[in-house]
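Residue 421, in this note's numbering, is where the sequence shown stops; the numbers in between run on with no holes. Glycine residues also receive a C-beta, built at the ideal position from the N, C-alpha and C atoms.
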Amino acid sequence: MNAFLIYILELNLYLSLFAVAYFILYKNEPYHRVNRWLILSSVTLSALLPLLSFGKSGEVVLRIIELEPILIFAKADVAHTPVGSNLPSLFTAIYIIGFGISMIAFAFEAFRLKKLIDLGRKQKEGAINECVNSELKSPASFFNTIIWSENIDSSSSQWIKDHELVHIREKHSIDLLILRFFEAVCWFNPLTYLLRHSLEATHEFRADEVVAKKHGDTKLYSKILLSQAMDISPNVLAHQFSKTKLLKRRIMMLNKQSRRKLAYTKYLALIPILAAAFILNACTDEQSEAPMTRENVQEAKTESSKIEGTDVYQTADEMPEYPGGQSAMMSYLGDNIEYPEECKKEGVEGTVYLSFVIDTDGKPSDIKAVRSPDERLSANATEVVKKMPKWKPGKEDGKNVKVQYSLPIKYQLK
8 MNAFLIYILE LNLYLSLFAV AYFILYKNEP YHRVNRWLIL SSVTLSALLP LLSFGKSGEV
68 VLRIIELEPI LIFAKADVAH TPVGSNLPSL FTAIYIIGFG ISMIAFAFEA FRLKKLIDLG
128 RKQKEGAINE CVNSELKSPA SFFNTIIWSE NIDSSSSQWI KDHELVHIRE KHSIDLLILR
188 FFEAVCWFNP LTYLLRHSLE ATHEFRADEV VAKKHGDTKL YSKILLSQAM DISPNVLAHQ
248 FSKTKLLKRR IMMLNKQSRR KLAYTKYLAL IPILAAAFIL NACTDEQSEA PMTRENVQEA
308 KTESSKIEGT DVYQTADEMP EYPGGQSAMM SYLGDNIEYP EECKKEGVEG TVYLSFVIDT
368 DGKPSDIKAV RSPDERLSAN ATEVVKKMPK WKPGKEDGKN VKVQYSLPIK YQLK
């Protein structure tokens, strides 16, 4: 699997860990600023952790270059094909399509919001832009713009404006954009959508908290929320003052008393959660020390690419090249490696792992079976690799060098 897909999967693994912990421990706590930063930190750490490497003594762990696996069938009429070579490409294509659809939906919401602002009557009050548009039933804000409905009750307008100003001052719109982008990146992970909705809820709880404290009347503010609840506009990339689904929780949060000692104890649980994430990172990093493919070798290139105590390299400035490229080499191997008749009759199958070195003159040398289910299978494969055409030698600092490779050959009866 290519590095990009591995990164996406690890990102979602960490994000799922943090999201589940948040939903279980912190979702209903009345510490809205803390919860906001918990969610933002969760997505940030999820993006960064897969990029960290904890190799021994801080060094990059070098590995032998592994060539594309090749599959040898017992039936002569079945083509010899590389194993799983198309699967990562298929997954990548599916992922990109899903990401593209999510970004289109994101763009549609942004376009709809821009249209609402462009078609509304505008006025400026200091650094705040105000826009009146009857299409938006419930007031909303995005960055430094407040969008009003023409039918707002004048008695509640200042409360509503104060609410939207909290979103603007605390830059909640930036949070929304970050989470919407992550939602597109992790489009196949339902926890991402739930996390974004939790962040939106946290924004509303925080704005409600500030407004109720400023005006000193929680009951009256709750009534204002109820009066605005039925007039909302869907599919708009903005903070809307009234969202029916969230209304009950907002009113409950307004009247919720904080239990400081218990809450602080809960937040101490972040320590083992973070420890679990770093342990998971160390485990996935250790697993990733599998043999490298030709495609990602340049990403792992370091100054110390020579195998200690030998003149053989694991990576070089210029890697050896088979005449005609990778596909030509696969064709050569597929056409020449045969399934021994004795092994067919005895039902012997499995994967042979060959190790070989491309010498300074381009010839394969030091060919040996590192692992094999049967000596007869490895003997056949070794002979074919030995007779390979000359490669273009690898180069390090302008000089021809020896480079080591690993080749998996899977023998399969059916």
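- Take the alpha-carbon of residue 53 and the one of residue 21: they are about 5 Å apart.
- Exposed is the label assigned to residue 396, since fewer than 16 other Cβ atoms lie within 10 Å of its Cβ.
- Excluding five sequence positions before and after residue 42, the CB atoms of its chain that fall closer than 6 Å to its own CB belong to 33, 209, given in chain order.
- By the neighbour-count criterion, in which 16 or more other beta carbons inside 10 Å mark a residue as buried, residue 79 falls on the buried side.
- For the options 75, 19, 45, 228, the alpha carbon positioned closest to that of residue 337 is the one of 75.
- Pairing residue 183 with residue 154 gives a Cβ-Cβ distance that is not under 8 Å.
- The secondary-structure analysis by DSSP pairs residue 363 across a beta bridge with 412.
- If you look at residue 168, you'll find it in the alpha helix (DSSP H) that goes 161-176.
- Nearest neighbour of residue 112 by Cα position, chosen from 420, 356, 194, 254, turns out to be 194.
- A direct Cα-Cα distance of roughly 18 Å separates residue 165 from residue 149.
- Between the alpha carbons of residue 421 and residue 104 lies a gap of roughly 34 Å.
- According to DSSP, residue 130 shares a beta bridge with 137.
- Around the beta-carbon of residue 58, fewer than 16 other beta-carbon atoms lie within 10 Å, marking it exposed.
- For the 8 Å CB-CB criterion, residue 410 and residue 327 form a contact.
- Residue nearest to residue 340 within the set 415, 366, 223 is 415 (criterion: CA-CA distance).
- Here residue 157 is exposed: its Cβ has fewer than 16 other Cβ atoms, across all protein chains shown, within 10 Å.
- CA-to-CA, the gap between residue 363 and residue 373 works out to about 5 Å.
- Here residue 182 carries a helix assignment [DSSP, helix/strand/coil].
- As computed with DSSP, residue 418 is found in a beta bridge with 79, 357.
- Apart from the 5 residues on each side of it in sequence, residue 39 sits with its Cβ closer than 7 Å to the Cβ of 209, 212, 213, 216 in its chain, given in chain order.
- Leaving aside the five residues that flank residue 273 on each side, the residues in its chain whose CB is nearer than 8 Å to its CB run, in chain order, 32, 33, 36.
- Taken through DSSP and simplified to helix, strand or coil, residue 396 comes out as coil.
- Pairing residue 408 with residue 367 gives a Cβ-Cβ distance under 8 Å.
- Between residue 24 and residue 284, the beta carbon gap of about 6 Å places them in contact (Cβ cut-off 8 Å).
- A direct Cα-Cα distance of roughly 21 Å separates residue 282 from residue 198.
- DSSP places residue 371 in the uninterrupted beta strand (DSSP E) bounded by 371-378.
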